[in-house]
Amino acid sequence: MTKKLLSFILACGLSTAIGLAQSPFTPAWSNLTGQEYPQISPDGQARVRLKAPDARKVQVAGGDGFTKTPIDLTKDAEGYWSGTVSNMTPGFHYYWFIVDGVQVNDPASVAYFGYGHPTSGLYAPTPGEDFYACQNVPHGMVREHWYFSEVTGQWRRAYVYTPAGYDQNTSERYPILYLLHGAGENERGWSLQGRMNFILDNLIAEGKAAPMIVVMDNGYAEARGEKASDNPQASLARRTETLIDVYMKDILPTMESFYRVKPGREHRAIAGLSMGGFQALNIGLTHTDLFAYIGAFSAAIIGGVMDNPSTAFNGVFANPEEFNKKVRLFWFGVGSEETTFVEMANDSRKKLDELGIRTSYYESPNTYHEWHTWSRCLHEFAPLLFK
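This note's numbering puts the first residue of the sequence shown at 184, with every later residue one more than the last.
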């Protein structure tokens with residue numbers, strides 16, 4: 184291996200891939216500099232360690248695909264608590280320690296924003312799957328874009344992906360995808376946990392996806408002067424309407440005037456995961472004059488909205504022939520093991536099929552309500568856009 188190639192791999196955070204051939208366990212690439220633990224093995228195990236000499240009990244726990252129940256750790260003479268997590272699913276996982284009943288992050292690992300607060304995370308290897316890896320291809324850029332929202336009266340932040348060559352090809356315009364995150368996460372999730380920039384870099388380099396701009400904005404919004412409500416359903420409905428307002432009055436005008444975007448609905452797509460999947464449906468289906476491509480990844484289709492699909496989303500499905508002409512792609516994706524979301528997607532698609540609405544469906548094998556499902560969804564969804 185040349186020094187140049189080795190430097191490239193290290194820069195992309197994939198030094199673990201080299202170590203896998205040399206040792207069953209190697210430090211996770213998301214570890215802070217110089218930290219030996221957590222360690223990952225090629226067969227989906229993780230070794231964790233925490234120094235807490237005065238603790239009486241320490242456990243490790245995590246999200247879907249990491250471990251179903253907390254695992255007790257063992258203390259050594261130096262005050263380190265350690266243990267092994269077996270049978271993780273591939274891809275990204277949140278995890279944390281429970282020290283005498285108190286949840287704490289791993290001080291040796293990067294913290295991602297999940298569950299509504301910074302949370303430790305790591306990646307388990309995916310044998311034979313490298314679509315989200317940093318590869319030796321032209322790379323786009325993820326920019327941090329601040330703007331003032333007239334709807335909320337506050338400054339907001341979006342992360343914006345521009346494809347390789349955007350800054351050099353200054354006369355070229357691009358289609359745009361609006362990509363929404365899930366509950367408890369924020370606008371950083373798709374680029375950090377989901378690695379969307381590498382997914383798009385690789386697809387574009389292979390000629391499988393059109394070069395596109397991707398906007399990842401925050402999925403929470405409250406209107407100016409809005410007061411809290413004691414009614415959760417009313418509060419959810421109001422926040423949904425406010426977010427739609429933010430997209431129509433703030434996000435689309437800001438992003439499509441600042442970046443070189445191709446005009447017209449045929450060059451505009453929207454998609455999201457879980458909460459963001461339902462938000463994408465709300466925004467896209469109530470504005471089919473603006474969006475020709477709509478994607479719902481593990482969408483939380485809640486509140487009985489699809490009990491009567493002919494009247495759902497302001498009656499957008501009432502004329503199936505017109506809908507099928509306007510919406511070029513209406514796409515559902517789920518993980519095979521997130522059974523509730525599989526049921527919601529299939530129930531919605533069955534009702535839509537009975538009306539004559541055309542949909543597409545993808546089921547990620549052996550994944551749960553987790554980032555590996557959603558990264559795979561994006562990998563399948565993006566090549567279908569802007570064709």
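Glycine residues also receive a C-beta, built at the ideal position from the N, C-alpha and C atoms. Quick caveat: nothing in here was measured; it's all calculated off a predicted structure.
| Item | Value |
| --- | --- |
| Residues that DSSP places opposite histidine 572 in a beta bridge | Coverage of the chain is limited to positions 184 through 570, which leaves residue 572 absent and any answer about it impossible. |
| Threonine 423 versus asparagine 465 - alpha carbon distance | 8 angstroms |
| Three-state secondary structure (DSSP) of arginine 443 | coil |
| Histidine 552, enclosing alpha helix (DSSP H) - first and last residue | Counting along the chain, histidine 552 falls outside any alpha helix (DSSP H), and DSSP gives it neither H nor E. |
| Sheet register partners of aspartate 400 (DSSP bridge) | Ala341 |
| Contacting residues, own chain, Cβ-Cβ under 7 angstroms from aspartate 283 (five flanking each side not counted) | Ala238, Arg239, Lys240 |
| Outcome for glutamate 261 when other beta-carbon atoms lying within 10 angstroms are tallied against a minimum of 16 | exposed |
| Contact check, threonine 469 vs valine 334, beta carbons under 9 angstroms | no |
| Cα-Cα separation between glutamate 563 and asparagine 288, rounded to whole angstroms | 33 angstroms |
| Those residues which DSSP pairs with lysine 258 across a bridge | Trp264 |
| Supposed contact pair tyrosine 298 and glycine 367 - C-beta distance, whole angstroms, cut 8 angstroms | 5 angstroms |
| Under 9 angstroms between C-beta atoms of methionine 399 and tyrosine 344 | yes |
| Closest by C-alpha distance to alanine 244, when choosing among Leu305, Pro566, Ser213 | Leu305 |
| Spatially closest choice to serine 176 from Pro225, Phe275, Tyr330, by CA coordinates | For the chain, the structure presents residues 184 to 570; residue 176 sits outside this window and is missing. |
| Separation of methionine 324 from asparagine 380, as counted between CA atoms | 8 angstroms |
| Test item: CB-CB of proline 290 and leucine 215 under 9 angstroms | yes |
| Where alanine 229 falls: helix, strand or coil (DSSP) | strand |
| Distance between leucine 375 and tryptophan 557 (C-alpha atoms, nearest Å) | 13 angstroms |
| Close Cβ partners of alanine 235 (< 7 angstroms) along its chain, the five nearest in sequence each way excluded | Val241, Gly262, Trp264, Val282 |
| Spatial distance of alanine 393 from alanine 495 (CA atoms) | 32 angstroms |
| For tyrosine 277, three-class secondary structure by DSSP | strand |
| Reduced DSSP secondary structure (H/G/I, E/B, other) of proline 221 | coil |
| Length of the line joining the Cα atoms of alanine 388 and cysteine 560 | 19 angstroms |
| Buried versus exposed call for serine 547 [16 or more other C-beta atoms within 10 Å across all chains shown] | buried |
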